[in-house]
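Asks: Handing you a structure now.
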Amino acid sequence: MAPLAGPGVIGKVPGWLLRRDSPMRFRPAADPAQWRWLAAFMRACNAATSEATTRKLLRLAFYSRDLMQAFVASEGAKAEASDFDFARRGKLIVHRDSAAFESARRLLDYQASLGCEQQALDREACIALEPALAGIRDEIAGAIYTPSEEVGDCHRFCLSLARLLQQQSGVSMRFGTVVQGLVQEGDRITGVRTQTGVVPADAVVVAGGIGSVPVLRPAGVRPMLWPLKGYSITVPLSDGGRAPHISITDFANKIVYARIGNTLRVAGMADLVRGGAAIDLERVGTLVAQTRALFDGIVPDIPLAQLQPWAGLRPATPDGLPLVGPSRLHGLWLNLGHGALGFTLAMGSAGLLADQLAGRKPAVNAEDFSAALA
Ligand SMILES: Cc1cc2nc3c(=O)[nH]c(=O)nc-3n(C[C@H](O)[C@H](O)[C@H](O)COP(=O)(O)OP(=O)(O)OC[C@H]3O[C@@H](n4cnc5c(N)ncnc54)[C@H](O)[C@@H]3O)c2cc1C
């Protein structure tokens with residue numbers, strides 16, 4: 052696990068920006084917020100910041116994994132785990148470039164010192180472990196294998212969680228209700244305004260991804276978030292034998308392949324563009340083409356719509372650290388900025404926030420994710 056802002060990233064950006072099928076796209080806008088975000092991102096692209104961020108993210112990720120495992124093993128949720136295809140599949144980060152593989156090996160030693168269990172595999176070991184990679188045998192420089200990686204369908208996880216919270220804890224949920232603004236009295240937030248009226252609250256937690264920015268702005272809370280737009284397709288697996296069983300990250304192309312139930316979820320791209328979550332078919336086409344190039348015969352010849360093309364906005368902070376905890380205003384709490392790791396860190400962030408709300412000592416260092424300066 053490493054943040055997008057790393058020491059080698061700035062050098063790669065010009066190449067990415069010139070290729071039409073590159074993993075990153077940037078459309079400059081006359082928007083000071085975009086330039087402020089980019090300047091902060093570039094300041095974070097150094098080894099010291101990247102290592103410190105990795106250390107903090109790993110702690111939160113380990114905590115998150117522990118909470119997820121406890122959740123799926125709990126009596127109330129056991130039946131739900133199969134509903135969201137939760138499984139331990141392991142992950143291979145496949146490198147085609149020897150220099151990139153060597154630097155990943157060095158990072159592996161650092162991450163091992165932080166408690167990560169990973170192995171560096173050569174080409175043959177990599178294919179022995181995941182035969183679906185045989186088609187690109189000659190291109191593989193090596194891979195980093197993490198046996199403990201888990202997968203699940205995050206949308207169905209949310210549905211399961213909502214069901215449990217409503218049935219077992221009597222939580223009331225208002226879907227389709229838009230928060231139009233915060234209700235502020237002096238330096239205290241006392242509720243939210245919605246299209247159906249004011250909802251008073253002792254504590255308001257803003258966890259609306261990129262949509263949180265306009266909600267918070269009138270109260271003077273300005274988290275530095277920028278949407279990194281990404282895409283996914285979901286390939287139905289009729290002949291599951293040829294698809295990978297282990298999750299694969301194609302490091303050079305920054306595309307992730309994860310088998311979830313009887314499907315292969317393919318996700319990638321990080322576009323700094325305007326236009327919300329509208330789907331750019333050229334980007335989806337790149338995902339389809341890359342999947343076909345990596346796993347021959349996996350993507351059936353069906354209309355694109357049947358591959359469930361999707362675009363989402365990763366709410367990213369420049370350095371990659373989420374903001375979890377109390378804000379500068381009394382009664383206002385943030386749970387924002389998880390970038391590309393929202394599902395990975397969800398349970399940990401929720402645990403950290405719940406402990407802070409309840410006045411308990413959190414299991415991870417709350418200052419690492421402080422939201423007080425936003
Ligand atoms: C292609 C792609 C692949 C990804 N793969 C992974 C992965 O493998 N693992 C991983 O951990 N993460 C992954 N991510 C990242 C993950 O999706 C995000 O980190 C996560 O969705 C952020 O969660 P969030 O709840 O903060 O924001 P969001 O998911 O954006 O959710 C915010 C919610 O708040 C609602 N909202 C916003 N404003 C308002 C308002 N005013 N009133 C009411 N509701 C509002 C929105 O409608 C939305 O439902 C991926 C992202 C993309 C784009």
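Here the numbering used here is used: the first residue of the sequence shown is 52, the next is one more, and so on. Where is the CB? At the ideal position from N, CA and C, for every residue including glycine.
1. Pick from Trp277, Gly312 and His389: whose alpha carbon is nearest that of Leu288?
2. Just to confirm before moving on: does the CB-CB distance between Val286 and Pro351 stay below 9 Å?
3. Roughly how many angstroms separate the alpha carbons of Ala130 and Pro65, rounded to a whole number?
4. Just to confirm my understanding: we take Arg78, look at its own chain, exclude 5 residues before and 5 after, and list those with CB closer than 6 Å. What are they?
5. For the candidate residues Val255, Arg225, Gly281 and Met224, whose alpha-carbon lies nearest to that of Gln235?
6. Look up Thr245 in the DSSP assignment and give the residues it is bridged to.
7. Taking the beta strand (DSSP E) that Asp406 falls in, what are its first and last residues?
8. Restricting to runs no shorter than 3 residues, where is the beta strand (DSSP E) found entirely within the region 166-193?
9. Figure out for me which residue from Asp370, Lys412 and Glu190 has the closest Cα to the Cα of Phe152.
10. Considering only heavy atoms of ligand 1, does any lie closer than 8 Å to the CB of Ile299?
11. Does the beta-carbon of Ser223, which I'm using as the reference point, lie nearer than 8 Å to any heavy atom of ligand 1?
12. Residues bridged to Gln235 by DSSP?
13. Just curious, the alpha helix (DSSP H) that Ile61 is in, first and last residue?
14. Following a CB-centred definition, is Val335 positioned closer than 8 Å to any heavy atom of ligand 1?
15. Can you check DSSP and say which residues form a bridge with Asn426?
16. For the candidate residues Ala367, Ala409 and Ile349, whose alpha-carbon lies nearest to that of Pro377?
17. Identify every run of the alpha helix (DSSP H) within the region 330-407, keeping only runs that are complete inside it and at least 4 residues long; order them along the chain.
18. Does the distance between the C-beta of Ser133 and the nearest non-hydrogen atom of ligand 1 fall short of 8 Å?
19. Give me the residue from Asp253, Leu276, Asp370 and Lys280 with the minimum Cα distance to Ala56.
20. Just to confirm my understanding: we take Glu168, look at its own chain, exclude 5 residues before and 5 after, and list those with CB closer than 8 Å. What are they?
21. Kindly confirm or deny that the region 201-214 and the region 172-189 touch, where touching means at least three C-beta pairs closer than 8 Å.
22. Could you pull the DSSP bridge partners for Ser298 from this structure?
Replies: So, from the listed chains and residues:
1. Gly312
2. yes
3. 48 Å
4. Val324
5. Val255
6. Val230 and Gly248
7. Following the DSSP letters along the chain, one finds Asp406 in no beta strand (DSSP E) but inside the alpha helix (DSSP H) bounded by residues Ala397 to Ala409.
8. If only uninterrupted beta strand (DSSP E) runs of at least 3 residues are considered, those enclosed by the region 166-193 are 170-172.
9. Glu190
10. no
11. no
12. DSSP, once it has assigned bridges, lists Ile240 as partnering Gln235.
13. First-last of the alpha helix (DSSP H) with Ile61: Val60 to Leu69.
14. no
15. Outside the displayed span of the chain (52 to 425) sits residue 426, for which this structure offers no information.
16. Ala409
17. Counting only runs of 4 or more, we get 332-345.
18. no
19. Asp370
20. Thr197, Pro198 and Ser199
21. Touching, no, given that fewer than three Cβ pairs across the two stretches are closer than 8 Å.
22. Lys142
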